[in-house]
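Please read the structure below before turning to the comments.
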Amino acid sequence: MPTFNIQLFEGRTLEEKRKFVEAITRTTCETLGCTPGSVDIILTDVKRENWATAGKLWSDE
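The opening residue of the sequence shown carries number 1 in full-length UniProt numbering; numbering runs sequentially from there.
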């Protein structure tokens with residue numbers, strides 16, 4: 001059973017998240033030959049102040 005843990009900046013709509021997880025599930029099933037019911041996706045919204053790249057907080061951009 002594939003399980004995906006995905007962190008995203010907060011602010012995406014419920015509809016955007018629905019489309020995203022549907023696309024991930026579809027592509028996973030096509031690639032791995034599994035059923036949609038076996039694909040788990042955990043989305044975690046992260047504030048920009050809690051995410052850094054190259055030593056800089058995204059909230060400082």
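Each residue gets a CB set at the ideal place from its N, CA and C atoms; glycine is no exception.
Given the structure is predicted, the values throughout are model-derived calculations rather than measurements.
Between Ile6 and Leu43, the C-beta gap is smaller than 8 Å, which places the two residues in contact. Straight across, the Cα-Cα distance linking Glu10 with Ile24 is about 19 Å. Excluding five sequence positions before and after Val21, the CB atoms of its chain that fall closer than 6 Å to its own CB belong to Ile41, given in chain order. The straight-line gap separating the alpha-carbon atoms of Arg26 and Pro36 is approximately 7 Å.
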